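From first to last, the protein sequence lines are chains H and L. Just so you know, we're using the working numbering here: the first sequence kicks off at 3 and counts up by one. Just so you know, we're using the working numbering here: the second sequence kicks off at 3 and counts up by one. Every residue gets a Cβ at the ideal spot worked out from N, C-alpha and C, and that includes glycine. As the structure is a computational prediction, the values presented were derived from the model and not from experiment.
2 protein chains.
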Amino acid sequence: MLENPGKSIEGGVCAPSGYQAHAVECGIKDVNNPRLDLGLIYSTEPACSVGVFTTNRIKAAPVKVSQNHLKATEVQAFLSNSGNANACTGADGVQDAKSCAKIVAKELGINMRQVAICSTGVIGLPLPIERMEAKLPELVAGLTSTNAQADIFAKSIMTSDTRQKEVAIEIEIDGKPVRIGACAKGAGMIKPSMATMLCFVTTDVKLPKESLQKAVLEATEQTFNRISIDGDMSTNDTVLLMANGASGVEIKRRNGKDCKLFNAGLRYVLDQLAREIVLDGEKVTKFVTLEVKNASSYLNAKKVAEAVANSPLVKCAWNGDDPNWGRVIHAVGYSRASLQEELIDIYWEKELACKGGKLGPASIAKLREVASKRAFTLTIDLNMGESDYTMYTSDLSPEYVDYNRSEYSYWKAVERNQG
Amino acid sequence: MLENPGKSIEGGVCAPSGYQAHAVECGIKDVNNPRLDLGLIYSTEPACSVGVFTTNRIKAAPVKVSQNHLKATEVQAFLSNSGNANACTGADGVQDAKSCAKIVAKELGINMRQVAICSTGVIGLPLPIERMEAKLPELVAGLTSTNAQADIFAKSIMTSDTRQKEVAIEIEIDGKPVRIGACAKGAGMIKPSMATMLCFVTTDVKLPKESLQKAVLEATEQTFNRISIDGDMSTNDTVLLMANGASGVEIKRRNGKDCKLFNAGLRYVLDQLAREIVLDGEKVTKFVTLEVKNASSYLNAKKVAEAVANSPLVKCAWNGDDPNWGRVIHAVGYSRASLQEELIDIYWEKELACKGGKLGPASIAKLREVASKRAFTLTIDLNMGESDYTMYTSDLSPEYVDYNRSEYSYWKAVERNQG
């Protein structure tokens with residue numbers, strides 16, 4: 003568990019100074035049963051924004067639009083909808099995303115390129131653009147800077163999430179308090195690198211754009227890129243970060259101690275959200291901290307961790323409270339990492355299930371005790387070198403499959419979208 | 003569906019001339035409830051044998067032993083046990099495998115290196131070697147060459163399979179009949195390349211060892227390496243092929259038409275078994291023929307096929323009769339294949355669900371009709387080049403997870419193995 007370099011505070015994206023948020027029910031998720039599904043975060047002062055996006059070669063329209071906007075200018079507003087991914091919607095999808103940005107910008111009195119946009123939900127259906135266009139003025143009009151509003155925004159980005167995920171911390175820079183606030187959604191399609199996950203981060207410190215970009219890339223690599231629920235990767239994954247300087251504090255030196263402190267704070271915030279995402283994974287019953295130790299290289303450690311974290315048979319065993327080290331080592335073997343079978347040790351917490359590639363001294367009773375816990379650490383020591391890699395991952399449950407075979411079906415989404 | 007270059011005949015590994023088989027109940031699967039779990043195939047005449055083995059870096063002891071024996075000499079007997087994989091058992095596991103080969107060889111009057119050995123079942127437990135050693139003389143004594151004996155052998159290699167899998171064909175070479183017989187086991191951990199699958203092939207034609215090795219490698223690549231059930235790959239996968247020339251027919255020219263005919267026959271036999279393995283996959287309800295067409299290269303076609311075939315979310319959708327092309331295209335996108343979103347077409351049989359990366363003209367009703375079938379073909383046309391790749395794959399069911407969270411647990415295996 004990472005240490006908090008500052009202190010936790012109440013709220014989410016409105017905890018830092020100079021931010022407002024709001025969300026409305028637009029009928030994107032379900033036209034006959036409206037829920038919060040259209041949200042906005044706005045910095046009342048000019049801000050510097052950066053993003054990290056999905057590496058899926060099929061990118062949703064809002065990803066393409068936001069990437070362009072972030073390159074072109076200083077984004078000051080984040081618009082988000084759930085219920086429809088606006089992915090695989092061709093030129094019309096891009097047009098729809100731009101049209102939304104345009105309306106929001108007009109209402110806010112900024113340039114349309116100062117609006118970044120995110121979507122999450124079903125792939126392949128056009129956005130209900132008339133309904134959205136009609137709701138956008140109301141969305142902008144309702145912006146305020148309370149924690150309650152940040153909560154409403156955090157709720158509006160949820161899809162199969164069961165609860166909103168918000169974190170805020172305060173750190174001290176130059177003797178003055180600055181804040182980082184964030185919210186995220188996750189649940190399904192969670193895999194390195196990134197997932198159907200959206201994350202919005204705000205801070206009231208001021209940083210050079212390069213430092214901000216570096217900070218969010220590094221923090222994402224160490225947090226969201228190390229979680230896995232079902233081994234899938236979405237078309238929409240996005241982390242957006244906005245820094246407005248409203249605290250009056252500016253970090254000028256790129257690699258100085260203030261910058262490092264900010265980076266540590268950002269990493270802590272994203273790490274908290276990454277944990278939350280796994281804990282709230284679709285029908286998840288286990289939170290597994292998977293440690294790969296002493297690999298011959300960073301890449302080998304990562305390969306082993308990802309192979310184990312994504313093995314359906316390993317995940318089924320976790321679901322069944324089964325300390326099945328044979329399934330773990332078989333996934334280690336097909337990871338393509340360089341390894342020596344006779345050096346591999348596997349632990350459930352402190353219990354040595356496999357020693358030197360063979361049955362270890364731990365008793366079945368002790369192993370089952372650990373495997374039955376809601377959360378445990380599984381350690382694979384390759385005893386080959388000095389590289390480590392840690393991931394947060396989950397089990398695979400019959401309920402996950404049942405949920406994804408029915409609840410989120412394409413044709414039900416079509417039905418829900420028909421106005 | 004491949005065409006049979008000859009005709010189907012009754013039986014399995016004893017259909018070709020000069021082969022005997024037998025199997026016994028040894029209590030390896032469950033000491034208190036013995037089932038067939040120890041089997042033997044024997045060529046009564048000197049034979050030429052070759053094998054293809056798992057590419058998992060953790061290889062089971064019998065894999066290591068068999069690889070050495072096949073390199074050293076002409077193997078004439080295949081010994082197999084189910085219920086215990088003899089994997090991750092260290093030097094003792096190798097010793098146990100050799101000890102079994104030694105006893106069988108002594109009873110048959112051949113060299114111990116003329117015995118290849120396969121194991122399948124739980125990983126990480128020592129073989130119940132005393133029980134096995136005690137049963138081996140009875141196993142050898144019972145060898146006969148009937149189809150009924152071949153059936154018993156085919157049953158003895160089953161683990162979570164629900165039925166035995168046998169194929170035999172007769173082809174004509176030089177105007178004379180020669181036969182190829184085979185059996186296989188599959189069920190879980192099925193993924194390219196290879197799976198927890200064992201396959202034993204016999205033929206009564208005579209071929210040079212190099213031709214035989216090439217034939218089995220190519221046929222495996224085109225069949226067993228193109229199936230996927232759960233995306234896992236085992237430590238024990240093995241295909242063994244024995245050719246004894248008992249038909250009196252010898253193929254001398256390495257790439258002549260007789261050799262090609264034999265290769266086609268072998269490929270047909272393995273293709274039939276590959277289909278059987280998917281159809282009998284653990285708790286499988288769908289048989290999906292996944293065609294990737296017009297990729298820019300063979301490797302790109304393969305990447306796309308494997309990404310889609312192994313995506314849990316795609317497989318859940320198949321289980322739910324859901325023509326969810328969005329999940330298919332998202333897996334296409336993360337496959338790392340080179341592609342252009344706006345060129346991708348996706349079909350459920352003849353129904354165009356996605357055209358040019360967007361919603362296609364097919365009606366939801368027609369798509370659901372196809373997606374509800376027990377078996378259907380899903381075609382992904384990348385429209386980029388001329389390379390195709392086809393796989394056989396299956397859905398992922400809640401029952402699969404439930405089965406693998408409990409039935410095959412490590413601690414239950416430990417209990418079943420305690421004498």
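{"Item": "Residues sharing a beta bridge with THR122(L), DSSP", "Value": "SER84(L), ASN86(L)"}
{"Item": "Alpha carbon of ASP347(L) to alpha carbon of LYS357(L), nearest angstrom", "Value": "5 angstroms"}
{"Item": "Contacts around ALA217(L), its chain only, beta-carbon distance under 7 angstroms, and the 5 residues preceding and following it disregarded", "Value": "PHE264, ASN265, LEU268"}
{"Item": "Cutoff 8 angstroms: SER121(H) Cβ touching any chain L Cβ", "Value": "no"}
{"Item": "Simplified DSSP state of GLU351(L), which is helix, strand or coil", "Value": "coil"}
{"Item": "Validate contact between the stretch 36 to 45 of chain H and the stretch 73 to 92 of chain H using beta carbons, cut 8 angstroms, 3 pairs", "Value": "yes"}
{"Item": "For PRO179(L): DSSP bridge partner residues", "Value": "GLU174(L)"}
{"Item": "Residue-chain proximity (ASP449(H), chain L), Cβ-Cβ < 8 angstroms", "Value": "The requested residue 449(H) does not occur in the structure, where chain H is confined to residues 3 to 421."}
{"Item": "ALA63(H) vs THR91(H) beta-carbon contact at 8 angstroms", "Value": "yes"}
{"Item": "Three-way DSSP call (helix, strand, coil) for ASP324(L) in this model", "Value": "coil"}
{"Item": "Contact under 8 angstroms by Cβ, ILE382(H) with VAL306(H)", "Value": "yes"}
{"Item": "Beta carbon proximity, ARG59(H) to chain L, threshold 8 angstroms", "Value": "yes"}
{"Item": "Cβ contact check for the stretch 136 to 147 of chain H and the stretch 237 to 250 of chain H: 3 or more pairs under 8 angstroms", "Value": "no"}
{"Item": "Bridge partners - LEU24(H), DSSP secondary structure assignment", "Value": "At residue 24(H) the sequence reads His, which differs from the Leu that was named. Per DSSP, LEU42(H)."}
{"Item": "LEU384(L) versus LEU4(L): straight-line alpha-carbon distance, rounded", "Value": "24 angstroms"}
{"Item": "According to DSSP, residues forming a beta bridge with LEU243(L)", "Value": "VAL52(L), VAL203(L)"}
{"Item": "Residues that DSSP places opposite ALA364(H) in a beta bridge", "Value": "Answer is none; ALA364(H) lacks a bridge partner."}
{"Item": "ALA297(L), enclosing beta strand (DSSP E) - first and last residue", "Value": "289 to 297"}
{"Item": "Under the three-state DSSP convention, the category GLU211(L) falls into", "Value": "Reading off the sequence, residue 211(L) comes out as Lys, not Glu. Here LYS211(L) sits in helix by DSSP."}
{"Item": "Nearest-angstrom Cα separation, counted from ALA107(L) out to GLN116(L)", "Value": "7 angstroms"}
{"Item": "N- and C-terminal bounds of the alpha helix (DSSP H) containing THR155(H)", "Value": "Looking at the sequence provided, one finds Phe at residue 155(H) rather than Thr. That run of the alpha helix (DSSP H) goes 149 to 158."}
{"Item": "CA-to-CA distance, CYS201(L) to LYS285(H), given in whole angstroms", "Value": "37 angstroms"}
{"Item": "Per-residue contacts from LEU301(H) into chain L (C-beta, under 8 angstroms)", "Value": "In chain order: nothing, as chain L lies at least about 15 angstroms away."}
{"Item": "Chain L within 8 angstroms of HIS24(H), Cβ atoms only", "Value": "no"}
{"Item": "MET191(L) at chain H interface by Cβ criterion, 8 angstroms", "Value": "Confidence in MET191(L) is poor, its pLDDT being 47 and thus under 50, which makes the residue's placement unreliable; the coordinate value appears in the next sentence. Output row for MET191(L): interface = yes."}
{"Item": "Extent of the continuous alpha helix (DSSP H) to which ALA339(H) belongs", "Value": "Neither: ALA339(H) is in no alpha helix (DSSP H) and is coded neither H nor E."}
{"Item": "Nearest neighbour of LYS360(H), chosen from VAL124(L), LEU380(L), ARG255(L) [CA to CA]", "Value": "VAL124(L)"}
{"Item": "Beta-ladder partner(s) of LYS264(L), from DSSP", "Value": "It is Phe, not Lys, that sits at residue 264(L) in the sequence shown. Its beta-bridge partners do not exist; DSSP assigns none."}
{"Item": "Range covered by the alpha helix (DSSP H) that runs through MET393(L)", "Value": "Not the alpha helix (DSSP H): MET393(L) falls in the beta strand (DSSP E), residues 389 to 396."}
{"Item": "Terminal residues of the alpha helix (DSSP H) in which ILE131(L) lies", "Value": "131 to 143"}
{"Item": "Cβ pair count under 8 angstroms reaching 3, the stretch 211 to 229 of chain L against the stretch 370 to 378 of chain L", "Value": "no"}
{"Item": "First and last residue of the uninterrupted beta strand (DSSP E) at LEU72(L)", "Value": "Run containing LEU72(L): none in the beta strand (DSSP E); it sits in the alpha helix (DSSP H), 63 to 74."}
{"Item": "Any C-beta of chain L under 8 angstroms from that of ALA197(H)", "Value": "Its pLDDT being 44, under 50, ALA197(H) is placed unreliably in this model, and the value from its coordinates should be taken loosely. ALA197(H) does not count as touching chain L."}
{"Item": "Within 8 angstroms, strictly: CB atoms of ILE229(L) and THR122(L)", "Value": "no"}
{"Item": "Sub-8 angstroms separation of ALA152(H) and GLY8(H) beta-carbons", "Value": "no"}
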